[in-house]
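Quick note: the sequence shown, position 181, residue 374 per my numbering, numbers continuous. By construction, the Cβ of each residue, glycine as well, lies at the ideal position given by its N, Cα and C atoms. Below is one structure; the comments refer to it alone.
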Amino acid sequence: MSDAAPPTIEFTDVSKWFTGVVAVSELTLSITPGVTALLGPNGAGKSTVLRLMCGLTSPSRGQVRVKGRDPRRDPAVFADIGLVPQQEAVIEVLTAQQFVEMAADLSGVSDRSRAAAAAIELVDLDPTDGRPLRAYSKGMRQRIKVAAALVHEPDVIVLDEPLEGLDPRQRLRMIQLFMRLGEAGRTVIVSSHVLDEVQRFGSRVVVMGQGRLLAEGDFREIRDLMDNRPHRIRVGTDRP
194 MSDAAPPTIE FTDVSKWFTG VVAVSELTLS ITPGVTALLG PNGAGKSTVL
244 RLMCGLTSPS RGQVRVKGRD PRRDPAVFAD IGLVPQQEAV IEVLTAQQFV
294 EMAADLSGVS DRSRAAAAAI ELVDLDPTDG RPLRAYSKGM RQRIKVAAAL
344 VHEPDVIVLD EPLEGLDPRQ RLRMIQLFMR LGEAGRTVIV SSHVLDEVQR
394 FGSRVVVMGQ GRLLAEGDFR EIRDLMDNRP HRIRVGTDRP
């Protein structure tokens with residue numbers, strides 16, 4: 194996807210604070226179609242940024258736009274978004290097909306059975322598996338969350354730590370899937386705190402720390418910056 198493509202998601206001077214805590218501070222950022230990796234340690238503000246772009250919370254200050262619209266005020270925006278939350282978010286008594294069909298129904302998909310089966314196959318699982326989701330491994334449930342997010346074929350795909358719990362083979366398959374979606378013109382945002390994972394998603398990286406934008410751009414350039422300008426951290430303890 195060309196760098197000249199118009200941005201799908203725009204943050205303009207966005208801050209978000211809760212009681213006594215600043216989660217995001219003065220964030221200005223544009224995200225274009227393709228895969229963008231959001232990198233930062235736990236507590237960096239990544240999940241809050243994803244919630245803001247999905248309209249699940251409002252900025253305390255500033256403006257968020259998805260395809261030119263306010264995701265908090267325009268419910269139609271949510272039809273263009275597929276979200277994979279970091280939290281365990283499956284209904285364990287349902288089968289995979291039932292769970293993804295429910296997601297399809299909530300998104301207004303007409304042929305929900307066909308769409309659900311196709312989405313489940315896309316993540317290398319069997320839509321005819323009659324076991325309840327509580328019988329699935331963590332990695333399998335994670336993939337079902339991805340299927341549920343993709344069932345309505347959204348233009349914007351938001352993935353919060355989507356590789357957690359996957360074995361190496363399935364990590365590779367999911368990365369390949371996300372890259373194909375980006376190459377097809379979707380806007381795919383993948384958050385991670387693992388540097389080795391991020392470099393496999395492509396070149397576009399956004400680095401956050403303590404709620405602030407620290408760097409953005411080509412992964413190789415940012416990696417070189419980290420190597421050439423290391424930080425020294427002093428750790429102290431009162432328990433020798």
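| Query | Result |
| --- | --- |
| Give the DSSP-derived three-state secondary structure of Leu249 in the structure shown. | coil |
| Consult DSSP for Ile426 and reduce its assignment to one of helix, strand or coil. | Confidence at Ile426 is low in this model, with a pLDDT of 46, below 50, so the placement of that residue should be treated as unreliable; the coordinate-derived value is given next. Coil at Ile426, not helix or strand. |
| Taking all protein chains shown into account, decide if Val277 is buried (16 or more other Cβ within 10 angstroms of its Cβ) or exposed. | buried |
| Glu357 to Arg254, Cα distance in whole Å? | 32 Å |
| Who pairs with Pro325 in a beta bridge, going by DSSP? | Thr288 |
| Ile274 and Pro355 - do their beta-carbons sit closer together than 7 Å? | no |
| Less than 7 Å between C-beta atoms, sequence neighbours within five positions excluded: which residues of the same chain meet that for Gly233? | Lys239, His386, Val400, Met401 and Gly402 |
| By how many angstroms is the C-alpha of Arg336 removed from the C-alpha of Val344? | 12 Å |
| In this structure, what does DSSP give as the bridge partners for Gln256? | Thr205 |
| Can you name, in chain order, every residue of its own chain whose Cβ lies under 7 Å from the Cβ of Val283, other than the five neighbours on each side? | Phe292, Leu326, Arg334, Ile337 and Lys338 |
| Whole angstroms is fine: what's the gap from Lys209's alpha carbon to Thr321's? | 43 Å |
| What distance in whole Å lies between the Cβ atoms of Leu231 and Val242, which are believed to be in contact at a cut-off of 8 Å? | 7 Å |
| State yes or no: is the C-beta of Gln290 within less than 7 Å of the C-beta of Asp353? | no |
| With the cut-off set at 7 Å, would you say Val228 and Phe371 are in Cβ contact? | yes |
| DSSP state of Leu243, grouped into three classes? | helix |
| Whose CA, out of Val316, Ser303, Ala297 and Leu318, lies closest to the CA of Ala309? | Ala297 |
| Taking 8 Å as the cut-off, does the stretch 387-397 touch the stretch 406-414 (at least 3 CB pairs, one atom from each stretch)? | yes |
| Name the DSSP beta bridge partners of Met401, please? | Leu406 |
| Just the C-alpha distance for Val383 and Ala328, rounded to the nearest angstrom, thanks. | 27 Å |
| Is it buried or exposed, Phe211, if we count other Cβ atoms within 10 angstroms and call 16 or more buried? | exposed |
| Name the one or two DSSP bridge partners that Arg262 has. | Val259 |
| Report the rounded CA-to-CA distance for Met194 versus Ala311, giving the unit in angstroms. | With a pLDDT of 44 at Met194, under the threshold of 50, the predicted position of this residue should be treated as unreliable, and no value is reported. |
| What does the alpha-carbon distance come out to for the pair Leu222 and Arg266? | 20 Å |
| Quick one: what's Leu276 bridged to in DSSP? | Val351 |
| Starting from Val302, follow the beta strand (DSSP E) in both directions and report where the run begins and ends. | Run containing Val302: none; DSSP gives neither H nor E here. |
| Helix, strand or coil: how does DSSP classify Leu220 here? | strand |
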